[in-house]
Amino acid sequence: MKKFLSGSAMLSALLISGSALAASKPTVVLVHGAFAESASWDGVAAKLLKDGYPIVAVANPLRGLKYDADYVDEVLKNIKGPIVLVGHSYGGSVISDVTTKDTGVMSLVFVSGLAPDKGERVSELGKKFPGSTLGGTLAPPVLQPDGKHDLYIEQSKFWKQFAADVPEHKAALMGAEQRPIAAEAFEEPSTEPTWKSLPSHFIYGSEDKNLPPALHAFMAKRAKAKEAVEVKGSSHVVMISHPDEVAAMIERAAADK
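Read in order, the letters of the sequence shown are residues -22 to -1, 1 to 235 in mature numbering (1 follows the signal peptide of the UniProt record, and there is no 0).
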């Protein structure tokens, strides 16, 4: 005798099946960098969600390295199971500084991301190799009530500096919606980096004008990364212009042992 499920029972079964599928894969935590925001991960997140990965796109406060790392720490502690931790640009510094104790972080992915060593500051690491033109595109700092100074990229310079391989109209929206970073965050020394104890993967663009490709290659080699991929023709926002390549790397990181 055949048994037939009611509509509600079938829906429950499908939800349970879907939850089990998601639970079998690591959660991907995406940390954006300066002059960006969580929506910058839209293309990558859509691909990963389609492939069954749970996603958390953190709203990085951009208030200071320790402050931001502590914030992400709290997010990580509330996620059960294995985690692939991903950082773009300054967000790479943040994922380098988090305390992974009592979390499920299993691997790291640096997307045009900074990976400072203990004691290094973002400001000095960014000058290690020639080629960055970021400084000349910044608007005058905006004084905040807490005494810190917020930095923005001038909107008229945003497209060519930050996202040259993104359609101009889309880059214009990104420039208008950019999140500022406290200038003081670039001067905080990093702590013992996570990349010394966890497997790492690096992906970056050959036309990155914020952080020179030579710097990315240096950081990947220093971290003994499992892979370092340079995307030809890509700007600093490789996750927006080449989401499939970035998502594929994250999925490879999810297979780390």
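Just so it is clear, CB atoms sit at the ideal spot from N, CA and C, and this is done for glycine as well.
Asked, Found
"What does the Cβ neighbour count give for residue 43, buried or exposed, with the cut at 16 atoms within 10 Å?", "buried"
"Assign residue 232 to one of two classes, buried (16 or more other C-beta atoms within 10 Å of its C-beta) or exposed (fewer than that).", "buried"
"Would you mind listing the beta strand (DSSP E) stretches within the segment 24 to 110 that are 3+ residues and don't spill past its ends, in chain order?", "33 to 36, 61 to 66 and 83 to 89"
"Under the assumption that residue 65 contacts residue 221 (Cβ atoms under 8 angstroms), give the Cβ distance between them as a whole number of angstroms.", "No, residue 65 and residue 221 are not in contact; Cβ-Cβ is about 16 angstroms, not under 8 angstroms."
"Between residue 120 and residue 145, what straight-line distance do the alpha-carbon atoms span, to the nearest angstrom?", "28 angstroms"
"Among residues of its own chain, excluding the 5 on either side of residue 131, which ones have a beta-carbon nearer than 8 angstroms to its beta-carbon?", "13, 112, 115, 116, 117, 139, 140, 153 and 156"
"Got a sec, what are the start and stop residues for the alpha helix (DSSP H) residue 127 sits in?", "Here residue 127 belongs to no alpha helix (DSSP H); instead the beta strand (DSSP E) covers 127 to 129."
"For residue 45, collect the residues of the same chain with a Cβ closer than 7 angstroms to its Cβ; drop the 5 residues on either side in sequence, then sort them by chain order.", "39"
"Just curious, the alpha helix (DSSP H) that residue 216 is in, first and last residue?", "216 to 219"
"From 56, 96, 105 and 224, pick the residue whose C-alpha is nearest to that of residue 236; which is it?", "In this structure the chain extends from -22 to 235, so residue 236 is not present and cannot be described."
"Which residue's Cα is closest to the Cα of residue 176: 19, 108, 182 and 234?", "234"
"Just reading off the alpha helix (DSSP H) that residue 151 is part of, what are its end residues?", "146 to 155"
"Using the rule of at least 16 other Cβ atoms within 10 Å of the residue's Cβ for burial, across every protein chain shown, is residue 166 buried or exposed?", "buried"
"With which residues is residue 175 paired in a DSSP beta bridge?", "BP columns for residue 175 are empty, so no partner."
"Should residue 258 go down as buried or exposed, given a rule of 16 or more other Cβ atoms within 10 Å for buried?", "As shown, the chain starts at -22 and ends at 235. That puts residue 258 outside it, with no answer to give."
"So, residue 98 versus residue 168, is the Cβ gap smaller than 7 angstroms?", "yes"
"Considering just the uninterrupted stretch of the alpha helix (DSSP H) at residue 193, what are its terminal residues?", "191 to 200"
"So which of 89, 15 and 54 has the shortest CA-CA distance to residue 225?", "89"
"Assign residue 54 to buried or exposed, taking buried as 16 or more other Cβ atoms, counted over all protein chains shown, within 10 Å of its Cβ.", "buried"
"Reducing DSSP to helix, strand and coil, say where residue 183 ends up.", "strand"
"Under 7 angstroms, do residue 94 and residue 110 count as touching if we go by C-beta distance?", "no"
"Distance check for residue 205 and residue 5, CA to CA, integer angstroms please.", "21 angstroms"
"For residue 85, count neighbouring C-beta atoms within 10 Å of its own C-beta (all shown protein chains included) and say buried if the count is 16 or more, exposed if not.", "buried"
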